[in-house]
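Reminder that position 72 of the sequence shown reads as 72 in this note's numbering, one-by-one numbering, no gaps. Take a look at the structure below.
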Amino acid sequence: MLDSVDKKILACLSENSRMNASAIGARINMSVSAVIERIKRLESTGIIKSYTVILDPSKIGRDLLAFIDVSTDYLPGVSATGAMDEFAAEHPEVMECHVVTGNSDFLLKVCTDTTKSLEKLLDELKRVKGVSSTRTSIVMSSVKNRVSPVDPDDEKL
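Listed below in C-alpha cells is the structure:
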C-alpha cells in the first residue's frame, strides 16, 4: 500500500519523469536522500515500471488517432491472441493492444499519418488469421489523455 508521500512522489514523476529528487523534495517538503530512497523502493517493488518519453504525435506527422475493435472467429489450432500479439509487435502504428469483453475481442489504439495509411493497416489486420471483422473509430479530439492513473488523493493507491 502506498502512503501519501509515495503518492505525491508518483504524481510528480507522472507529471515529469525527468524531475530530479531535489525538485521533488522541494515540492513535497522532504529531503533529497529520503526522496531517492523512496523512488528506489518504488522501482524495486515494480510500482514504477519504467521511465519514458511521451511524444506529441501531431509534431512528428502522426495526426490520425483511431481505435479499432477487432472480432475473431474460433479456429481450431489457431490462437487469435498469438496472431494479434504478432501483428501488434510488427506494426509500430499500434500503440496499444488489449483483450476486451463485449462485442469485440480486441481493442487496438493506433496512430498513423493519413487515412490512406490507416486503410493499409486495416487491410493488413483483416488478413490476420482468425480476424472476422473490424470496426474503426477515428478520434476527432481528445477531452482527457493521461498516461498514468496517479491521483495523490486516491484512497485506492
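Each residue gets a CB set at the ideal place from its N, CA and C atoms; glycine is no exception. Please read all numbers here as calculations on a predicted model, not as lab measurements.
For residue i: DSSP bridge partner residues
i, result
"V131", "T72"
"E96", "K109"
"F67", "K109, S137"
Proximity to residue i [Cα-Cα], best of the options
i, options, result
"L55", "T136, S133, C111", "C111"
"I68", "A23, K40, V100, K49", "V100"
"I28", "D105, L108, A11, D113", "A11"
"D6", "V147, R38, V70", "R38"
"I47", "C97, M1, S133, D113", "M1"
"K116", "H98, I138, A89, L108", "I138"
"S141", "G102, K120, S58", "S58"
"P92", "S22, R62, F106", "R62"
CB of residue i within 8 angstroms of CB of residue j, strictly
i, j, result
"V131", "T81", "no"
"I9", "V35", "yes"
"L125", "F87", "yes"
"V70", "S104", "yes"
"S14", "S148", "yes"
Contacting residues, own chain, Cβ-Cβ under 6 angstroms from residue i (five flanking each side not counted)
i, result
"T136", "A66, I68"
"L108", "I68, V94, C97"
Presumed contact (8 angstroms Cβ cut-off) between residue i and residue j, rounded CB distance
i, j, result
"M84", "V128", "7 angstroms"
"D113", "L64", "7 angstroms"
Proximal residues to residue i (C-beta, below 8 angstroms), its chain only, five neighbours per side dropped
i, result
"L122", "I68, T134, T136"
"S31", "G25"
"L42", "D6, I9, L10, I48"
Close-in-space but distant-in-sequence residues of the same chain around residue i (CB under 7 angstroms, 5 per side omitted)
i, result
"Y51", "S17"
"L157", "Residue placement at L157 is flagged as unreliable, the pLDDT there being 48, under the threshold of 50; the coordinate-derived value follows with that caveat. Cβ within range, chain order: L2, K7."
"F106", "V70, M84, C97, H98, V99, V100"
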